[in-house]
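Numbering (the numbering used here), first residue to last: 5 to 367. Ideal Cβ placement from N, Cα and C applies to all residues, glycine included.
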Amino acid sequence: MTRYGLRVGRGPRSEETFWIADGEVVHGDLPGFMEVIDPGMRALVGQAGKLMPRPDRIADQAAFAEADRLTLQQALDALDLSPAERSANEAAWVGHCNGPLDQVGYAAAIRWTAATSASWEVMHEASSIYRLEDGNAGLAQAIAADLKGDIRLNTVVTRVEHDDTGVTVHTADGDRVRARRAVLTLPLNILHELDVQPPLSAGKLDASRAGTASQGLKLWIRVKGPIKPFFAYSTKDHPLSVVRTEFVGEEDAVLVSFGADATRLDATSVDEVQRALKVWRDDLEVLEVASHDWNNDPFAKETWLIQRPGAYSASQAELQRPEGTVRLAGSDLANLWAGFFDGAIESGLRTAREVTAELRPAG
Ligand SMILES: Cc1cc2nc3c(=O)[nH]c(=O)nc-3n(C[C@H](O)[C@H](O)[C@H](O)COP(=O)(O)OP(=O)(O)OC[C@H]3O[C@@H](n4cnc5c(N)ncnc54)[C@H](O)[C@@H]3O)c2cc1C
Numbered sequence: 005m006t007r008y009g010l011r012v013g014r015g016p017r018s019e020e021t022f023w024i025a026d027g028e029v030v031h032g033d034l035p036g037f038m039e040v041i042d043p044g045m046r047a048l049v050g051q052a053g054k055l056m057p058r059p060d061r062i063a064d065q066a067a068f069a070e071a072d073r074l075t076l077q078q079a080l081d082a083l084d085l086s087p088a089e090r091s092a093n094e095a096a097w098v099g100h101c102n103g104p105l106d107q108v109g110y111a112a113a114i115r116w117t118a119a120t121s122a123s124w125e126v127m128h129e130a131s132s133i134y135r136l137e138d139g140n141a142g143l144a145q146a147i148a149a150d151l152k153g154d155i156r157l158n159t160v161v162t163r164v165e166h167d168d169t170g171v172t173v174h175t176a177d178g179d180r181v182r183a184r185r186a187v188l189t190l191p192l193n194i195l196h197e198l199d200v201q202p203p204l205s206a207g208k209l210d211a212s213r214a215g216t217a218s219q220g221l222k223l224w225i226r227v228k229g230p231i232k233p234f235f236a237y238s239t240k241d242h243p244l245s246v247v248r249t250e251f252v253g254e255e256d257a258v259l260v261s262f263g264a265d266a267t268r269l270d271a272t273s274v275d276e277v278q279r280a281l282k283v284w285r286d287d288l289e290v291l292e293v294a295s296h297d298w299n300n301d302p303f304a305k306e307t308w309l310i311q312r313p314g315a316y317s318a319s320q321a322e323l324q325r326p327e328g329t330v331r332l333a334g335s336d337l338a339n340l341w342a343g344f345f346d347g348a349i350e351s352g353l354r355t356a357r358e359v360t361a362e363l364r365p366a367g
């Protein structure tokens, strides 16, 4: 952000907040909801700084590895919480983790919180509240403008052959590109589908085949205005577990919403989305919906990285290990902000530096 002078700001401050306690909708405010989730958050991730004191490095503490065996649901179930606290915490975590909590690793919650000085409140703000004021495209455009090499969009790589002297990359339109090094930045879930010769290590391919837990929904909803900015939390089982206002105007407002499982809702249907919002309130009129089916996009097959239990311990170091002239990079294997733009930048910077050092003439 600093490098490109991009403006960072916060979304609209919530003036009312809805959540569900013991099957009833509570109409309160955000501090009230934060109070409900506070005991669960503290118990769940209060030790994140101890379990992962250096989230920028690969964790090797035994206590972290032990925690990494659990699902987030198991970790939540082990806490002494009231049903209302439990349900509110679960909904909040679906918003962050974008997957069913019984498939999400507890380590995901630890990693996110460790990355924000072990404060769950800062984690919540950093991941949910702040945004690029002029949109995300400006970041991609700024990076592209900074690049000295070529960018070939819509060029599908079908095969990668590597040996000690370099790499030959084959494209779907029949081109071959020879280079001294290649950095593969495919999303983890499709890495194993790429024909790499000699094949990537079993550890890397197993991590890809096992897949991430991220399979949820992020859906944009335009509703008739004016409305007051709000947050809303339902339960982990609803099609939409979290909804909040992202832009508020006189005529309309844009909401952003999250669910654990993208198959629970037809995200192209205004009627279905209208019904999903009725969980909290029936005064919203849906005008338009927008989303992308990332889970069925052949170039992604996942949303943002959320690992399954044990995945970090099994594969984090291996995914970062070079294989001769080929390396992997990307947000999915970042240390600090895996699953965020920042993670892609972190991983890209590290990998580029390592490759540059390797190719620098000796002496
Ligand atoms: C719905 C959603 C919302 C998100 N919201 C946020 C957010 O608010 N903030 C945030 O920081 N992060 C967010 N993320 C996460 C963020 O988008 C990712 O972490 C980031 O884009 C990862 O960057 P990457 O370069 O590692 O991988 P990607 O962006 O996935 O890039 C991989 C590229 O490889 C291409 N590719 C795949 N196969 C081939 C092939 N065979 N040949 C050639 N190219 C190929 C793909 O088309 C893609 O362009 C979100 C992600 C999703 C899905």
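Nearest to Val171 (by Cα), restricted to the options Met5, Asp301 and Val330: Along the sequence shown, one-based indexing puts residue 171 at 167. Closest option to Val171, Cα to Cα, is Val330.
Rounded to whole angstroms, what's the CA-CA distance from Phe235 to His242? Just pull it up for me. For this step, residue 235 is matched to residue 231 along the sequence shown. For this step, residue 242 is matched to residue 238 along the sequence shown. Near 15 angstroms, if we compare the C-alpha coordinates of His242 and Phe235.
What would DSSP say about Leu80, mapped onto helix, strand or coil? Within the sequence shown, numbered from 1, the residue matching residue 80 stands at position 76. Helix at Leu80.
How would you label Pro87, buried or exposed, when you count the other beta carbons within 10 angstroms and need 16 or more for buried? Looking up residue 87 in the sequence shown gives position 83. With a 10 Å radius around the Cβ and a threshold of 16 neighbouring Cβ atoms, Pro87 comes out exposed.
Note down, in chain order, each residue of its chain lying with its Cβ closer than 6 angstroms to the Cβ of Val247, except the 5 sequence neighbours on either side. Along the sequence shown, read from residue 1 onward, the residue named residue 247 stands at position 243. Contacts found: Ala236, Leu259 and Ser261.
Under the three-state reduction of DSSP, which class applies to Phe344: helix, strand or coil? In the sequence shown, residue 344 corresponds to position 340, counting from 1. Here Phe344 sits in coil by DSSP.
Per DSSP, Thr175 is paired with what? As a working note, residue 175 is residue 171 in the sequence shown. The partner list for Thr175 (beta bridge, DSSP) reads Val161.
Report, in whole angstroms, the separation of the C-beta atoms of Lys4 and Asp256, which I expect to be a contact under 8 angstroms. Nothing in the structure corresponds to residue 4, since the chain is present only between 5 and 367.
Whole-angstrom distance between Gly103 and Gln311, CA atom to CA atom: Working through the sequence shown from its first residue, we reach residue 311 at position 307. Working through the sequence shown from its first residue, we reach residue 103 at position 99. Near 10 angstroms, if we compare the C-alpha coordinates of Gly103 and Gln311.
Helix, strand or coil for Trp116 per DSSP? As a working mapping, residue 116 is identified with position 112 in the sequence shown. If DSSP states are grouped into helix, strand and coil, Trp116 belongs with the helices.
Would you mind listing the beta strand (DSSP E) stretches within the stretch 199 to 246 that are 3+ residues and don't spill past its ends, in chain order? Runs of the beta strand (DSSP E) lying entirely within the stretch 199 to 246 and spanning at least 3 residues, in chain order: 199 to 201, 221 to 228 and 234 to 237.
Same chain, Cβ closer than 7 angstroms to Asp34, five either side skipped, listed in chain order: The residue given as residue 34 occupies position 30 in the sequence shown. A small fix is needed here, since residue 34 is Leu in this sequence, not Asp. Same-chain partners within the cutoff: Ser18, Thr21 and Phe235.
Report the three-state DSSP secondary structure of His3 (helix, strand or coil). Any answer about residue 3 is impossible in this case: the structure gives the chain only from 5 up to 367.
Where do the ends of the beta strand (DSSP E) carrying Trp23 lie? Here residue 23 refers to the residue found at position 19 when the sequence shown is read from its first residue. Per DSSP, the unbroken beta strand (DSSP E) holding Trp23 starts and ends at Glu20 to Ala25.
Contact test: Ala304 Cβ vs ligand 1 heavy atom, cutoff 7 angstroms: Counting from one through the sequence shown, the residue named residue 304 turns up at place 300. For ligand 1, at least one heavy atom lies less than 7 angstroms from the Cβ of Ala304.
Check whether Ala338 and Glu327 have beta carbons under 8 angstroms apart: Counted from its first residue, the sequence shown places residue 338 at position 334. Counted from its first residue, the sequence shown places residue 327 at position 323. No, these two residues do not count as a Cβ contact at 8 angstroms.
Cβ-based neighbour list, His31, same chain, cut-off 7 angstroms, excluding 5 preceding and 5 following: For this step, residue 31 is matched to residue 27 along the sequence shown. For His31, the CB contacts under 7 angstroms within the same chain, skipping 5 residues up- and downstream, are Glu20 and Phe22 in chain order.
Would you list the one or two residues that DSSP bridges to Gly170? For the purposes of this step, residue 170 is taken as the residue at position 166 of the sequence shown. For Gly170, which the question treats as bridged, DSSP gives the partners Asp167.
Is Val277 near ligand 2 - that is, is its Cβ less than 7 angstroms away from at least one heavy atom of it? Among the ligands present in this structure, namely ligand 1, ligand 2 is not found.
How long is the line joining the alpha carbons of Trp116 and Gly109, rounded to whole angstroms? Here the question's residue 116 lines up with position 112 in the sequence shown. Here the question's residue 109 lines up with position 105 in the sequence shown. Rounded to the nearest whole angstrom, the CA to CA distance from Trp116 to Gly109 is 12 angstroms.
Residue nearest to Gly142 in terms of C-alpha spacing, selected from Ala318, Ala333 and Thr6: Residue numbering aside, residue 142 sits at position 138 when the sequence shown is read from its first letter. Scanning Ala318, Ala333 and Thr6 for the CA closest to the CA of Gly142 turns up Thr6.
Leu105 and Arg90 - do their beta-carbons sit closer together than 8 angstroms? The count along the sequence shown starts at 1 and reaches residue 90 at position 86. The count along the sequence shown starts at 1 and reaches residue 105 at position 101. Taking 8 angstroms as the cut-off, the beta carbon of Arg90 is found no closer than this to the beta carbon of Leu105.
What residue from Val160, Leu192, Asp26 and Ser121 has the CA that sits closest to Arg180's CA? Position 176 of the sequence shown, counted from the start, is the residue given in the question as residue 180. Nearest to Arg180 by C-alpha distance, out of Val160, Leu192, Asp26 and Ser121, is Val160.
Alpha carbon to alpha carbon, how far is Glu28 from Pro302? Give it in angstroms, no decimals. Residue mapping note: residue 302 aligns to position 298 of the sequence shown, counting from 1. Residue mapping note: residue 28 aligns to position 24 of the sequence shown, counting from 1. Cα to Cα, the separation comes out at about 40 angstroms.
So, are the CB atoms of Leu288 and Leu281 less than 8 angstroms apart? As a first step, residue 288 must be located in the sequence shown, where it is residue number 284. As a first step, residue 281 must be located in the sequence shown, where it is residue number 277. Leu281 is positioned such that its CB atom lies closer than 8 angstroms to that of Leu288.
Are the beta-carbon atoms of Lys222 and Thr120 separated by less than 8 angstroms? In the sequence shown, counting from the first residue as 1, residue 222 sits at position 218. In the sequence shown, counting from the first residue as 1, residue 120 sits at position 116. When the beta-carbon positions are compared, Lys222 and Thr120 stay at least 8 angstroms from each other.
According to DSSP, is Leu291 part of a helix, a strand, or is it coil? By 1-based counting over the sequence shown, the position of residue 291 is 287. Strand at Leu291.
If you check the beta carbons only, do Ala321 and Gly352 fall under 8 angstroms apart? Locating residue 321 in the sequence shown gives position 317, counting from the first residue. Locating residue 352 in the sequence shown gives position 348, counting from the first residue. It is not a contact, given that the beta carbons lie outside the stated cut-off.
Taking 7 angstroms as the cut-off, does the CB of Pro191 come closer than this to any heavy atom belonging to ligand 1? Here residue 191 refers to the residue found at position 187 when the sequence shown is read from its first residue. Checking every heavy atom of ligand 1 against the Cβ of Pro191, one is found closer than 7 angstroms.
Beta strand (DSSP E) containing Glu94: first to last residue? Taking the sequence shown and counting its residues from 1, one reaches residue 94 at position 90. Annotation for Glu94: no beta strand (DSSP E) segment contains it, though the alpha helix (DSSP H) segment containing it runs Pro87 to Cys101.
With distance defined between alpha-carbon atoms, name the residue in Glu165, Gly13 and Ala318 nearest to Pro202. For the purposes of this step, residue 202 is identified with residue 198 of the sequence shown, where counting begins at 1. For Pro202, the nearest C-alpha among the options comes from Glu165.
Using a Cβ-Cβ cut-off of 8 angstroms (strictly less than) and excluding sequence neighbours within five positions of Leu55, which residues of its own chain qualify? Here residue 55 refers to the residue found at position 51 when the sequence shown is read from its first residue. Correct list, in chain order: Ala63, Gln65, Ala67, Phe68, Ala71, Ile114 and Ala118.
Relative to the alpha-carbon of Arg46, which residue among Gly15, Val12, Val126 and Asp286 has its alpha-carbon at the smallest distance? Reading the sequence shown from its first residue, position 42 is the one you call residue 46. Looking at the Cα atoms, Val126 is the closest of the given residues.
From Gly99, Ala25, Leu151 and Thr75, residue whose alpha carbon lies closest to that of Asp265: The residue you call residue 265 lines up with position 261 of the sequence shown. The closest CA to that of Asp265, considering only Gly99, Ala25, Leu151 and Thr75, is found on Gly99.
Can you say whether Tyr316 is buried or exposed, counting buried as having 16 or more other CB atoms within 10 angstroms of its CB? Residue 316 sits at position 312 when you count from the first residue of the sequence shown. Under this definition Tyr316 is a buried residue.
Closer than 8 angstroms by C-beta to Leu209: which residues in its own chain qualify, once you throw out the five before and the five after it? Chain order, please. Locating residue 209 in the sequence shown gives position 205, where the first residue counts as 1. Apart from the 5 residues on each side of it in sequence, Leu209 sits with its Cβ closer than 8 angstroms to the Cβ of Leu195, His196 and Pro203 in its chain, given in chain order.
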